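Visitor: Before anything else, here's the structure in question.
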Amino acid sequence: MEKIFVFDLGNVIVKPMNVKKLYEMLECKVSFENFYEYFKSDKSSDDIHRGLISTEEYIKKILKFSESDKNIEEFIGIFTGPIRNGLFKNTVDLIDRLKKENKKVCMLSNLRQIDFEWFSTQYDISKFDNLYLSYKMHLMKPDDEIYIEMIKDLGVSSNSIYFFDDNQTNIETAQKLGINAYCVTGDTIKDLILREKFLK
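Under this note's numbering, the first residue of the sequence shown carries the number 65, and numbering increases by one thereafter.
Next comes the structure, spelled out in structure tokens:
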């Protein structure tokens, strides 16, 4: 049975962004606590991850809430540059090794279009056989639907899929659907891959 390896992006391939630095560089006039809560939990955050609003509309909402004097272009410059912390070398090396062994590698991620565009400048996305991106599918983990769509598209049984994500709720949903799912980060994934002998 062919094994298909599916990776989350944030905190598995990509190191978490520096939200405090984003706050500081935007020169926000609200408290960091309020900004952080808005950035993580406002409906606009859910909408942009589901691709229901445009990047421009999303940025306008953040700038308005934070009372920042920055414009959209300045926001994009900050969001795709100084606040980014790069990729996890361990995960990138493992994906490269899986590809060399002719394994099928995919991505399943909740992300904004602007995040994916930035990632595309950091890594050769053609190495992914399939991309399952929330903003394109208008679905998000941990909803069952996004996993079901992925399984259907891959045309395999769910137990052929090996999924790596840093969120336990996402893992539990995947496991409920018969996917082999592991809660890891870019710091811990190497030990798991080697322990499970996914590589030769």
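Even for Gly, the Cβ is constructed at its ideal location relative to N, Cα and C. These figures come from a predicted structure and were not determined experimentally.
1) Taking buried to mean at least 16 other C-beta atoms within 10 Å of its own C-beta, is H113 buried or exposed?
2) Tell me the DSSP secondary structure of F96 in three-state form.
3) Go to Y187, then tell me how far its beta strand (DSSP E) extends in each direction, as first and last residue.
4) Please say whether Y196 and A238 have beta carbons closer to each other than 8 Å?
5) Run the CB neighbour count on M214, radius 10 Å, all protein chains shown included, and call it buried at 16 or more, exposed below.
6) Where do the N-terminal and C-terminal ends of the beta strand (DSSP E) with N174 fall, by residue?
7) Rounded to whole angstroms, what's the CA-CA distance from I243 to E209? Just pull it up for me.
8) Report yes if the C-beta distance between N149 and K79 is below 8 Å; otherwise report no.
9) Looking at I68: is its Cβ nearer than 8 Å to the Cβ of L151?
10) Is V156 helix, strand or coil by DSSP?
11) Are F143 and Y102 close, meaning C-beta to C-beta below 8 Å?
Guide: Walking through what the data contain:
1) On the sequence shown, residue 113 is found 49 positions in, with the first residue counted as 1. Flag for H113 reads buried.
2) As a working mapping, residue 96 is identified with position 32 in the sequence shown. Residue state, collapsed to three classes: helix.
3) Sequence index remark: in the sequence shown, residue 187 carries index 123 (1-based). Neither: Y187 is in no beta strand (DSSP E) and is coded neither H nor E.
4) Indexing the sequence shown from 1 puts residue 238 at position 174. Indexing the sequence shown from 1 puts residue 196 at position 132. It is not a contact, given that the beta carbons lie outside the stated cut-off.
5) As a first step, residue 214 is located in the sequence shown; it is residue number 150 there, counting from the start. Classification for M214: buried.
6) The residue you call residue 174 lines up with position 110 of the sequence shown. That residue, N174, is in no beta strand (DSSP E); it is neither H nor E in DSSP.
7) Mapped onto the sequence shown, residue 243 falls at position 179. Mapped onto the sequence shown, residue 209 falls at position 145. Their Cα atoms are separated by approximately 14 Å.
8) Here the question's residue 149 lines up with position 85 in the sequence shown. Here the question's residue 79 lines up with position 15 in the sequence shown. In this structure, K79 lies closer than 8 Å to N149 by Cβ.
9) One-based indexing of the sequence shown puts residue 68 at position 4. One-based indexing of the sequence shown puts residue 151 at position 87. Taking the C-beta atoms as reference points, L151 is found no nearer than 8 Å to I68.
10) On the sequence shown, position 92 is the one that residue 156 refers to. Helix at V156.
11) Here residue 143 refers to the residue found at position 79 when the sequence shown is read from its first residue. Here residue 102 refers to the residue found at position 38 when the sequence shown is read from its first residue. Not in contact: F143 and Y102 (Cβ atoms no closer than 8 Å).
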